[in-house]
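Shown next, in structure tokens, is the structure this report addresses.
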Amino acid sequence: MTTNGGSSNDGVIFSIGTDGSNFQLLHTFPATSHDGKHPYGSLLLVGNQLYGTTEKGGDNDVGTVFVINTDGTGYARLHSFGSTKHEGIKPIDNVILVNGALYGMTTEGGTYGQGTIFKVPLN
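So, in structure tokens, the structure goes:
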């Protein structure tokens, strides 16, 4: 995954073999922000799905949580940040899976503007 690059320079998700072969572009983040843009952190692999975050994009242009299948199909935005005054914004770290929900951190927003810990249920 790269924070920049792709046709709109808003980031891409790719796969590559451990020997450097079989490069495959899985997703290009578009200039429109619905999907999110500028992905950060590492991807979390669960079964045949990858979960991650973007620093920008979404409904309020302050980040998203997304999922994509390992073959590049099924990209979906699971959460768009910034919908309430005290919600965190700009998630730029990894997510973890605990009891059917993704947890992560944001770098800004929240009650004191210093970030939050978030939970995104998967069901």
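Per our numbering, residue 2 is the first one in the sequence shown, and the count goes up by one each step. Note that beta-carbon positions come from the ideal geometry of N, C-alpha and C, so glycine has one too. Given the structure is predicted, the values throughout are model-derived calculations rather than measurements.
CB contact flag (residue i, residue j, <8 Å)
i, j, result
"Phe82", "Ile93", "no"
"Pro31", "Thr4", "no"
"Arg78", "His35", "yes"
"Thr54", "Gly42", "yes"
"Val66", "Leu98", "no"
"Asn49", "Asn23", "no"
"His87", "Gly111", "yes"
"Leu45", "Val96", "yes"
"Gly58", "Gly37", "yes"
"Val63", "Leu51", "no"
Beta strand (DSSP E) segment containing residue i, residue limits
i, result
"Asn70", "65-70"
"Leu123", "Per DSSP, Leu123 belongs to no beta strand (DSSP E) and is neither H nor E."
"Thr29", "25-29"
"Gly53", "50-57"
"Phe1", "Residue 1 falls outside the range modelled here, since the chain spans only 2 to 124, and no answer is possible."
"Tyr41", "38-47"
"Ser16", "13-16"
"Val99", "97-99"
"Tyr104", "102-106"
Other residues of its chain near residue i: CB distance less than 7 Å, five sequence neighbours each side excluded
i, result
"Leu123", "Gly101, Ala102, Leu103"
"Gly6", "Gly12, Val13"
"Ile1", "For residue 1 there is no data in the structure shown, the boundaries of the chain being 2 and 124."
Residues near residue i by beta carbon distance below 8 Å, same chain, minus five either side
i, result
"Met106", "Gly89, Pro92, Asp94, Gly116, Thr117, Ile118, Phe119"
Sequence-distant residues of its chain with Cβ nearer than 6 Å to residue i (five each side left out)
i, result
"Gly144", "Residue 144 falls outside the range modelled here, since the chain spans only 2 to 124, and no answer is possible."
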